[in-house]
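Asker: First the structure, which I've put down as structure tokens, then a few questions once you've had a look.
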């Protein structure tokens with residue numbers, strides 16, 4: 001057992017921090033201004049300052065860090081293990097909104113690239129993976145549906161039916177992150193190809209171009225009052241008998257559930273580590289503000305209750321980070337399956353812990369904390385979504401408890 | 001001791017519920033549409049459907065219910081006690097955004113009308129109170145400032161200095177609710193007239209017309225992502241040497257702190273009862289959704305954890321309502337001072353309790369719960385502000401504990 | 001609605017406080033000494049100082065206050081309503097262990113006297129109720145069984161079968177409070193007379209003298225490390241074909257469940273009010289200790305976290321007391337059934353709230369708080385039992401939620 | 001970074017589990033019986049079955065595992081690092097009361113042996129360390145005092161004054177664990193040798209034989225009703241001008257605080273790991289009971305709320321264990337000082353987490369859970385003491401927050 005990160009991780013982390021401090025952080029206000037000046041308010045990924053950051057990230061070797069080295073015999077990314085990438089993901093979460101996109105490490109593109117790298121045909125890789133790896137286009141992952149509980153992937157009811165050389169996609173999706181962006185050119189859509197098959201063989205994944213006939217972007221969804229246009233929003237989509245060639249299928253018919261599962265593990269590590277980055281940033285802001293703000297003749301940092309929050313925040317972050325890192329290590333050493341309990345555990349622990357810390361950071365900032373003047377309220381809202389994304393906490397707790405009961409009964 | 005409401009309260013409550021169900025609730029979508037069609041997005045109080053509701057509320061005798069019968073020898077409102085009005089305030093909170101305005105019982109106008117009724121000169125009553133009572137204009141209360149901890153009214157630093165027959169107002173305010181609305185014609189501004197006086201005699205209240213020279217509406221503040229334009233937003237204001245006649249002073253010089261305190265008590269009862277109305281509505285929505293939504297073969301209402309939330313919500317609401325009603329009763333029987341501990345206690349208990357219930361209602365609604373499709377996320381954000389409004393929870397707890405320690409030491 | 005107690009309640013409360021301060025409190029150490037000197041360590045009710053207190057309580061008119069005025073046409077007690085008695089019960093809880101016994105208001109005798117007053121035959125009243133009212137004997141209530149979930153009274157499996165002029169009682173009970181005391185002369189035993197009847201008509205109540213043949217006192221149960229010998233302990237009992245005359249049945253065959261329910265309501269009010277008394281006492285001790293104890297150069301009462309505890313304790317107690325008083329008022333005005341939700345709510349809210357306050361009071365007392373030097377640890381352990389007594393919290397929450405769901409669906 | 005334990009740890013853990021399962025667990029009831037039969041109820045360490053276990057532990061190479069290999073140039077123990085010993089300490093906590101003593105790894109002897117190994121003179125090692133290492137005698141650590149806040153070691157007020165060739169010890173101590181045991185032959189006493197020295201140089205440690213003249217064992221302290229006689233109880237002690245030779249001083253005059261600090265680190269790791277063992281055992285019992293107990297037609301393990309508890313327990317244990325292991329690793333790699341924050345963090349996190357889990361395990365066991373029939377209530381009481389032992393949580397949180405504020409300000 002050894003808790004020290006390896007040299008490569010340390011080196012990349014240093015490089016990343018430098019890039020973030022000197023280039024990405026100052027770009028924030030420029031990005032906001034340029035975004036506000038766009039004709040299409042959703043076209044966030046064409047903002048000039050972001051292109052500059054991306055170019056520089058490539059030059060610095062900080063591009064596509066999330067992708068493991070060898071997938072399907074080819075090398076796409078930096079070749080880091082999950083355990084090596086995890087601390088880098090934390091840093092990108094900590095430094096705010098632009099970092100993931102600047103490094104081409106932003107969800108949902110990361111997951112989609114993984115899917116295409118692992119399961120894509122050469123043609124699919126050529127058409128979609130390559131431009132995604134280059135950061136020329138964006139993508140979305142269309143799974144969640146308004147009318148069924150998203151906690152169970154097997155509920156997904158959008159139909160994908162074969163007709164000759166084509167598949168016909170019909171159904172309704174919502175909360176499709178990134179899909180409001182006109183430069184989001186392709187949707188990875190999950191739907192049912194065979195309702196009569198075994199429960200975990202009914203679904204397939206298919207690639208649907210955003211400009212295919214019958215694709216309707218119904219409306220943007222709001223998260224609390226935010227439309228999240230700075231990373232493509234969250235769309236409600238309707239697929240009205242959308243026809244795509246049979247070659248658009250990812251993997252084979254019936255593989256949808258398995259692909260969704262494979263996509264899940266690394267994505268969750270990333271999400272959780274970014275959330276820990278958010279919590280670290282919030283704790284830093286809490287300390288700074290508490291040290292500066294005076295009330296009733298003392299700084300807030302001298303108030304016992306505020307100190308209690310600071311201590312609890314530190315203690316909770318330390319525990320949480322170790323849990324996520326262990327989950328990453330398990331994924332590297334025993335794979336998705338062996339890491340199952342830990343992958344569930346981090347889904348349960350992370351959003352709640354980070355929410356608690358953000359709440360306290362907001363409280364220390366007073367009314368400013370809920371306003372547009374700090375990033376805390378927006379971070380809180382974003383983190384709140386993680387308590388349902390990929391299924392509500394309660395579903396994961398139930399499943400983890402069942403596994404624990406089985407384990408104890410042995 | 002008797003826990004039954006009196007006949008008048010019951011009668012008005014029934015009338016109110018009928019009006020809300022049959023007229024106000026259906027007006028919601030019309031209001032949203034008409035608001036969206038306005039030239040000035042902040043001019044919420046000139047939306048036609050709201051005028052119709054107001055006219056009907058007056059006809060039905062449901063107008064200005066919040067105002068006690070006799071203030072300064074004149075009768076302005078319905079003449080209800082705090083204990084009688086409290087259950088009505090709960091109903092207006094429960095039925096959403098339009099009810100308070102439709103009944104001319106919306107903050108901050110209610111508090112401002114009370115101040116004018118109690119402390120206004122005949123001229124001030126004529127010019128501002130009368131149109132407010134008639135619902136012809138709106139008002140704002142400008143106390144909170146960006147650069148000082150708002151938890152202590154004596155921190156307020158805006159200056160009001162006498163020059164001949166005028167007062168000159170200079171300073172910066174923020175979170176001035178309602179002030180984005182162009183029909184909000186007057187601000188009740190708190191500022192310092194005598195920095196050398198005793199701590200509680202330094203401040204005064206003064207009436208500043210929105211169109212006075214030197215008044216700048218700097219920007220709208222956001223609450224989480226919401227701009228709250230449906231009730232006038234929250235403005236940052238700058239007063240650049242604004243001159244008003246000496247007759248604009250409310251009460252005498254140095255009375256500002258005392259007036260702020262007098263304004264506080266009933267306002268807090270109203271806030272808390274409306275928040276309880278929100279919690280009741282959220283519990284109702286939680287039950288309805290839980291009964292309808294199926295996951296893993298059972299309705300959510302059959303899940304033990306959801307039942308736990310429902311039971312806890314009910315138990316917490318019942319306790320909280322009794323506490324607020326007792327505070328109202330104390331205000332009626334022993335006055336603001338005698339009710340001091342209880343007024344503090346409801347400030348501490350209400351936002352936290354309601355936040356917990358809203359969080360669970362949101363969770364039961366899944367991703368829909370944080371979106372624009374239900375009122376839950378907006379209600380959550382609004383309620384979150386109550387944890388600092390009039391000072392953060394922590395300040396009130398500290399003060400209540402000191403009082404308890406003194407009491408126990410006797 | 002009126003939150004002021006009536007004159008009779010106030011008058012009795014004052015008399016009670018005087019008696020407690022001047023007579024009962026000083027008797028505590030004497031009682032402990034005399035108890036330690038007994039031959040039979042369980043014979044707590046024959047301690048001389050307790051007899052003196054009882055005699056004086058009778059003289060002062062503070063005897064059997066718990067019993068309503070008219071039961072079955074006869075007058076037994078003080079004739080107080082539940083709402084009048086509740087604040088008195090709080091006082092007896094607050095002043096420690098001896099008060100309930102000194103006033104002949106101690107559980108489980110109170111509930112047993114109510115049952116006998118309401119359902120007893122003249123002969124049963126003569127033999128058992130009269131000496132109980134006089135405080136000459138003690139009694140126990142034998143319902144809970146080791147092998148079934150006590151959360152559901154219909155689970156009770158002890159058999160009571162008719163044989164000629166006798167009933168034969170067979171079964172095992174545990175946690176029978178008071179039953180270790182040799183002066184506890186009678187057990188009110190719940191058992192099954194007709195397993196084939198409707199679910200709520202299978203059980204009966206029967207009176208079993210402690211000295212009947214076949215009654216075995218198996219062992220004392222411990223609550224954490226306490227044996228509670230100062231109020232009769234908690235026994236495990238075995239009934240080995242114990243024969244009692246048919247006239248020992250309370251009410252008719254099959255009425256056991258209904259009698260248990262009738263016994264429950266007032267008992268729960270008493271329990272909860274005594275627990276609130278405990279919480280008030282704990283808060284008082286917390287304030288006193290915090291004001292005296294110095295750490296790191298300041299009294300604990302100047303530490304923000306301790307103040308937070310004090311404030312929260314006060315706010316929670318105030319809410320809880322109002323809820324219990326309202327439940328008492330409902331029992332007086334609409335009866336056990338109409339008060340059902342509130343009776344459940346106080347069962348859910350009281351133990352958790354009081355536990356939280358006791359925990360904080362203990363923490364303020366440091367290591368002393370968990371020791372025999374203060375009553376806090378023993379009070380904590382006693383209160384902890386309330387989270388299962390009459391069924392665990394979770395069962396009550398589940399039932400309350402079901403009722404709420406039904407109510408909302410209407 | 002690597003989360004796998006090394007081979008030696010794995011091997012010892014397997015050997016330990018085998019010994020515990022096959023020998024120690026079955027010895028429990030025998031021990032209780034033999035303890036009950038003793039003339040002196042406190043002489044727990046002379047119970048025959050314990051001697052047999054100790055002999056066997058030595059034979060199996062499971063003796064003194066806690067002691068690092070080289071201390072002061074000599075080899076006393078197994079030579080394990082903190083990180084290697086930590087998982088073994090967890091196992092000893094999990095398997096109940098006898099394991100630590102059977103393996104000669106029980107507090108406070110472990111800490112005292114460390115102190116003697118590090119700071120003892122050859123004579124002291126001969127007289128006290130050797131018999132302790134052999135398990136022939138027991139010892140106690142006398143620091144805490146009744147009249148001062150134990151949260152700050154510099155408060156300790158017992159005086160140790162030099163008179164010729166002797167030291168005279170005067171003062172009062174309480175909560176001296178193990179000191180009720182007549183076989184506890186020596187006390188390591190902390191006291192003040194120079195009140196005028198610098199704050200951290202005023203204290204010294206001295207060895208006082210239990211049979212020295214002037215040593216009074218005042219009384220046993222109780223922990224929630226428990227006297228903990230199965231591991232020597234907790235004594236209040238008075239030192240009435242007790243004279244010991246000057247050679248009884250441990251280290252030099254003024255080194256008391258430094259020795260106390262050195263003693264603290266490993267002890268805290270042990271405590272926390274044993275507590276995690278308790279939590280694991282409690283979770284196991286919770287699962288087993290929940291799977292067997294039926295209420296309302298379903299096992300408790302099918303109830304959503306119980307599943308929530310099981311899942312939360314697992315998630316919390318996993319995080320906590322990693323934090324403690326990391327603290328152990330830091331102690332091994334960067335020493336006590338470098339591990340300061342983590343050593344504080346585990347003190348804050350462990351008792352609260354384990355308390356929560358024990359509470360839920362108790363609740364699942366119903367009334368049995370608080371009784372002598374399961375170890376849960378006793379474990380709860382023991383764990384509750386950890387929220388003040390070595391200073392209350394609040395003091396540690398305050399210190400950790402100050403360090404965090406300093407760190408963030410850099």
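Protein chains in written order, with full-length UniProt numbering: chain A, 1 to 410; chain B, 1 to 410; chain C, 1 to 410; chain D, 1 to 410. Every residue gets a Cβ at the ideal spot worked out from N, C-alpha and C, and that includes glycine.
#1: Which whole-angstrom value is the C-beta distance of residue 370 of chain C and residue 223 of chain D, which I expect to be below 8 Å?
#2: With 7 Å as the limit, tell me which residues of the stretch 355-367 of chain C have their beta carbon closer than that to any beta carbon of chain D; keep them in chain order.
#3: Taking Cβ-Cβ distances shorter than 8 Å, what residues in chain B pair up with residue 372 of chain A?
#4: Where do the N-terminal and C-terminal ends of the alpha helix (DSSP H) with residue 100 of chain B fall, by residue?
#5: Strictly under 8 Å for the Cβ-Cβ distance: is residue 297 of chain B near chain D by that measure?
#6: Report yes if the C-beta distance between residue 418 of chain A and residue 156 of chain A is below 8 Å; otherwise report no.
#7: Which first and last residues belong to the alpha helix (DSSP H) in which residue 364 of chain D is found?
#8: For residue 167 of chain D, tell me which candidate among D:174, D:194 and D:114 has the shortest Cα-Cα distance.
#9: Have a look at residue 64 of chain A and residue 78 of chain A and give me their C-alpha separation to the nearest angstrom.
#10: Report the rounded CA-to-CA distance for residue 154 of chain B versus residue 262 of chain B, giving the unit in angstroms.
#11: Give the residues of chain B in contact with residue 392 of chain A, contact being defined as C-beta atoms less than 7 Å apart.
#12: Do residue 257 of chain B and residue 366 of chain A have their CB atoms nearer than 8 Å?
#13: Looking at chain B, is there any beta carbon in it that lies within less than 8 Å of the beta carbon of residue 225 of chain A?
#14: Using the beta-carbon of each residue, which ones in chain C are nearer than 7 Å to residue 305 of chain A?
#15: Would you be able to state if there are at least three C-beta pairs under 8 Å between the stretch 231-241 of chain A and the stretch 280-287 of chain A?
#16: Give the single residue among D:183, D:107, D:114 and D:201 whose Cα lies nearest to the Cα of residue 41 of chain D.
#17: What does a CB cutoff of less than 7 Å around residue 8 of chain D pick up in its chain, not counting 5 residues either side in sequence?
#18: How about the stretch 391-399 of chain C and the stretch 276-283 of chain C: do they share at least three Cβ pairs that are nearer than 8 Å?
#19: How would you list, in chain order, the residues of chain C whose beta-carbon sits under 7 Å from the beta-carbon of residue 288 of chain D?
#20: So for residue 295 of chain D, helix, strand or coil by DSSP?
#21: For the beta strand (DSSP E) containing residue 409 of chain A, name the first residue and the last one.
#22: Under a three-way DSSP split, which group does residue 29 of chain C fall into?
#23: From the DSSP output, read off the bridge partner residues of residue 141 of chain B.
#24: In chain order, what residues of the same chain have a beta carbon less than 8 Å from the beta carbon of residue 254 of chain D, not counting five sequence neighbours either side?
#25: Looking at residue 92 of chain A and residue 103 of chain A, is the spacing between their C-beta atoms short of 8 Å?
#26: To the nearest angstrom, report how far apart residue 314 of chain C and residue 409 of chain B are at their CA atoms.
#27: Tell me, please, whether the stretch 158-166 of chain A touches the stretch 11-24 of chain A by the rule of three or more beta-carbon pairs shorter than 8 Å.
#28: I'd like the span of the alpha helix (DSSP H) that includes residue 11 of chain A, first residue to last.
#29: Below 7 Å on C-beta distance, what does residue 388 of chain C contact in chain D?
Answerer: From the atom records:
#1: 5 Å
#2: 363, 366 and 367
#3: 221 and 222
#4: 98-102
#5: no
#6: A query on residue 418 of chain A cannot be resolved here, the shown segment of chain A reaching from 1 to 410 and no further.
#7: 340-364
#8: D:194
#9: 6 Å
#10: 15 Å
#11: 363 and 366
#12: no
#13: yes
#14: 304, 305 and 308
#15: no
#16: D:183
#17: 84
#18: no
#19: By Cβ distance, chain C contributes nothing, its closest Cβ being about 16 Å from residue 288 of chain D, past 7 Å.
#20: strand
#21: Note, residue 409 of chain A: premise wrong, no beta strand (DSSP E); alpha helix (DSSP H) at 393-409.
#22: helix
#23: B:188
#24: 193, 194, 197, 201, 202, 203 and 204
#25: yes
#26: 15 Å
#27: no
#28: 7-19
#29: 366 and 367
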